[in-house]
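Heads up: the protein sequence lines correspond to chains A and B, in order.
Counted from 1, the first sequence has number 54 at position 54 by our numbering; the numbering is strictly sequential.
Every number in our numbering is 298 more than the matching position in the second sequence, counting from 1.
Glycine included, each C-beta is placed from N, C-alpha and C at the ideal position.
To keep things clear, I will list the structure first and then write my remarks on it.
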Amino acid sequence: MTVQPLLAPGRGGGLLDVARRRYLLRLLVRRELRSRYQGSLLGLGWSYVRPAVNFAVYYFVVGIFLKMSRTIPNFPVFLFSGMVLISFFTETLITTAWSIVGNAALVKKVYLPRELFPAASTLVSGVHMLPAFGVLMGGAVWAGWAPSWIAVGSMALAFAIVATLAMAFGLLFAAVNVFFRDFGQVVDIINIVVPWSVPMIYPWTTVQDATHGGWLLQLYLANPLTSAVLLFERAFWWPTNDQALTLPNGAPALPGGHLAFPYHLTVRGLAGLLAAMVLLALAQWVFARLQRRFAQEL
Amino acid sequence: MEAIVVDGVSKHFTLRHAHSIKEMTVRAVRRQSLSERFTALDEVSLTVAQGESLALMGLNGSGKSTLLKLISGVMQPDRGSVRVRGRVAGLIEVGAGLHPDLTGRENIFLNAAILGMTKAETEAKYDDIVAFSEIETFLDTQVKFYSSGMFMRLGFAVAVHTDPEIFLVDEVLAVGDPPFQKKCLQRIRAFHAEGRTLVIVSHDMGTLEKVCGRGIVLEQGRAAYEGGIQGAVDFLAPPESPLEAQQRRRAREEAALAAVPAGDSARAEAELFAAEVMPDVPRLPDPRATLEYGLALAAGQDGMALEFGVHTGGTLSVIADAREGKNVFGFDSFDGLPEDWRAGFPAGHFAVEEPPEVRGAELVVGLFESTIEGFLQEHPEPVAFVHVDADLYSSARTVLAHLGPRLSVGTVIVFDEYFGYPGWREHEYRAWEEYVAESGVRFDYEGFTEGNEQVIVRITGIS
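And the structure:
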């Protein structure tokens, strides 16, 4: 038998430890899915109902009453592609923020890599996104969508940005929420702002016009979530746009002659992913420091 | 080798009195403190050796649970260091990992994974866990419908089937009804016998005395006493009267005596030994059956049947019957043990007034070393069967050294105290191992008494 070294207990390897304990992670995800819909009639069906109602409200108010459908051809696909992504993000923020507090009994008594809980919450949100994603896919195909490299690549990049960002904020909020429960409220407020801070309901050119292309526009576009939403729209909405135009320089344009997407969207997306990854590393560092005091604060 | 090293560990807690800005302002205006510092552990150092069983004792709030949480890694020390060797698992409030909305079956898998088991490990132990928990019929029921007893049993059953090097137990020995408690205690002792390290927190002094070898008493976060478990118990709860002190002493003596024949850890060690070197041999129900089975193996073997250690002659007459009264000899001084053997058997034990009468057998009276040589000169026949009931290493060694040249292929030897008692590796077992190593004789194990000390060997080759 090999002699094992003397090690300090409870010094985890962070997210790497989570990867090492995939089996437990899977069981935790299953547990959360099971317990959330325990005793409900619709079960996982609720992940269809919520986005459907959300979609209907925006579609009728913004699309029909406020006549956004005229500015943006094929508005339903435009709206829904952004909405799928943003719902995933906002739901992840809420569930991860409460993931440590909600598992207090375990955190206080058994040492586990604590990152497991936010990670499981993120995965659960991912599972919840699947039905809506399926509907988006179906709607896009019905509207004439066909897979292409640029579509699939944009989708993957957008998803990577949002997942990384959600995990980063999730770790941060989960840890801080242990010490100040106010953060649960803060997350709710963030979630009111997020859907309006990205070009999901309106085209990005609205911001361009309002800011006259100044530094505020650059700030708006620097948000990785903005890039992700635009990438998702490029993946699903643009190929189904029957009024697609191209400018003389080859750039895609809307009927009014506006640019459909900002220039260098792919590069912006990659930069956004890089920023999200840096943020994740930072969040992991903060989480690792704060988690040492979880057991006594809960 | 040390399994746990706690070095100068301190742990403080901050009790915050104010949680909101309003409360903070109010307290600040009234010049009240916003928080209070509370020392749970103060410069505690201790080392636990591998295979040791340590009791952490103390009154409520003395810091023992905090210390356990530092060892498990749930909390980190403010000062000093904690280091452990190998996997740590614990019964720190069992059932923490159980989820009320899942069924018993699902909870077994989830809880086992939380405690670090893989899927394959859980599946392998699943039946044992279910059997231990005694909730077979409720496996597909959600845990929230369980009674509190069932809930605890399920949690405990999973926890005791993990495979940690270090096992922490926090005040859970009071789980369930008395039969279940007893089962848990047995399981914990088995852990100890397997060489795992145990750290136990409990207020039940009786249990601690049974399970632990050493005790540490904490007082307000400091180690106030460290030493033998009985001393620790007396330190924490001194006997209130001379009468109680006497009662306690007597209970301990009785417990020590009761532990001698059972010898839990020695027993477990013997079980492991048997499983390793003789997994397929017959397991005989009692010593008599073992002796008779050995005699049956030697039935076709011509020669003498010898017993060393006749005492009252009971087993010798069994041998005489089996050998039909031919060439059966019993050796004994009838003065008892020539030196101290194991606990409870001092020199002189087994002495009898006068040698017994055994039909069909001849007695050779005297110390082995002074009788065997002369006997063998008068009796040139080979040796077919030997019953070694000499108890002591020195006696068994003398017997084997003299008889060695007369042993042949097919000779059967039954050892009466081969293994399974404290110190067994120092007596008949050792004498036989040494003889085999020196003579190069080859042999097979042919049987042993289940839960007892007798072993049968048969010679298969002489070099």
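| Check | Outcome |
| --- | --- |
| Residue environment, A:Leu221, which counts as buried when at least 16 other CB atoms sit within 10 Å | buried |
| Close Cβ partners of A:Leu25 (< 8 angstroms) along its chain, the five nearest in sequence each way excluded | Val18, Leu116, Ala119, Ala120, Leu123 |
| Among B:Pro680, B:Val681, B:Gly646, B:His700, the one whose alpha carbon lies nearest that of B:Ile670 | B:His700 |
| B:Arg695 classed as buried or exposed, judged by whether at least 16 other C-beta atoms fall within 10 angstroms | buried |
| Reference B:Glu744, options B:Val579, B:Glu434, B:Arg329, B:Phe436, closest by Cα | B:Val579 |
| Nonlocal neighbours in the same chain, by C-beta distance under 7 angstroms from A:Glu297, ignoring five residues either side | Val178, Phe179 |
| Residue from B:Arg335, B:Ile514, B:Gly504, B:Pro477 whose Cα sits closest to the Cα of B:Leu365 | B:Ile514 |
| Same chain, Cβ closer than 8 angstroms to B:Glu434, five either side skipped, listed in chain order | Val428 |
| Contact set between A:Pro113 and chain B, taken where Cβ atoms lie within less than 7 angstroms | The premise fails here: A:Pro113 is roughly 10 angstroms from chain B at the closest Cβ pair, so nothing lies under 7 angstroms. |
| Segment limits, beta strand (DSSP E) that includes B:Lys309 | 300–314 |
| Check whether A:Met155 and A:Ser87 have beta carbons under 8 angstroms apart | no |
| Check whether B:Gly623 and B:Gly634 have beta carbons under 8 angstroms apart | no |
| Residue environment, B:Val753, which counts as buried when at least 16 other CB atoms sit within 10 Å | buried |
| One or two residues paired with B:Gln440 in a DSSP bridge | B:Thr401 |
| For A:Ile201, three-class secondary structure by DSSP | coil |
| Below-8 angstroms beta-carbon distance, A:Pro118 vs any chain B residue | no |
| Nearest residue (CA-CA) to A:Phe236, options A:Phe78, A:Phe65, A:Val57, A:Gly45 | A:Phe78 |
| Exposure label - A:Ala158; buried when at least 16 CB within 10 Å | buried |
| Same chain, Cβ closer than 6 angstroms to B:Ser431, five either side skipped, listed in chain order | Arg451, Leu452, Ala455 |
| Residues in the region 13–43 of chain A having any Cβ partner in chain B nearer than 7 angstroms | Tyr23, Leu24, Leu27, Arg31, Arg34, Ser35, Gln38 |
| Range covered by the alpha helix (DSSP H) that runs through A:Tyr299 | The structure shown does not extend to residue 299 of chain A, since chain A is modelled only from 1 through 298, so no value can be given for it. |
| Residue-chain proximity (A:Leu106, chain B), Cβ-Cβ < 8 angstroms | yes |
| B:Gly384 vs B:Ala301 beta-carbon contact at 8 angstroms | yes |
| Contacting residues, own chain, Cβ-Cβ under 7 angstroms from A:Phe173 (five flanking each side not counted) | Leu93, Thr96, Ala97, Phe183, Val187 |
| Nearest candidate by alpha-carbon position, reference B:Ile608, set B:Lys442, B:Val650, B:Ala564 | At residue 608 of chain B the sequence reads Val, which differs from the Ile that was named. When only C-alpha atoms are compared, the closest one is B:Val650. |
| Chain-ordered neighbours of A:Arg292 on chain B, where CB pairs are closer than 7 angstroms | Gln374 |
| Cβ-Cβ separation, B:Glu605 to B:Gly628 (assumed contact under 8 angstroms), whole Å | 5 angstroms |
| For A:Tyr37, three-class secondary structure by DSSP | coil |
| Partner residues on chain A for B:Ala394, Cβ-Cβ distance less than 7 angstroms | Ala105, Leu106, Lys109, Val110 |
| Contacts around B:Ala568, its chain only, beta-carbon distance under 6 angstroms, and the 5 residues preceding and following it disregarded | Phe717, Gly718 |
| Nearest-angstrom beta carbon gap, B:Val663 and B:Ser631 [assumed within contact, 8 angstroms] | 7 angstroms |
| DSSP-derived helix/strand/coil call for B:Ile464 | strand |
| is_contact[B:Val303, chain A] using C-beta, thresh 8 angstroms | yes |
| Neighbourhood of B:Tyr591 by C-beta distance below 7 angstroms, restricted to the same chain and skipping five residues each side | Pro580, Leu582, Gly745, Ile754 |
| DSSP-derived helix/strand/coil call for B:Asp630 | strand |
| Below-8 angstroms beta-carbon distance, A:Leu6 vs any chain B residue | yes |
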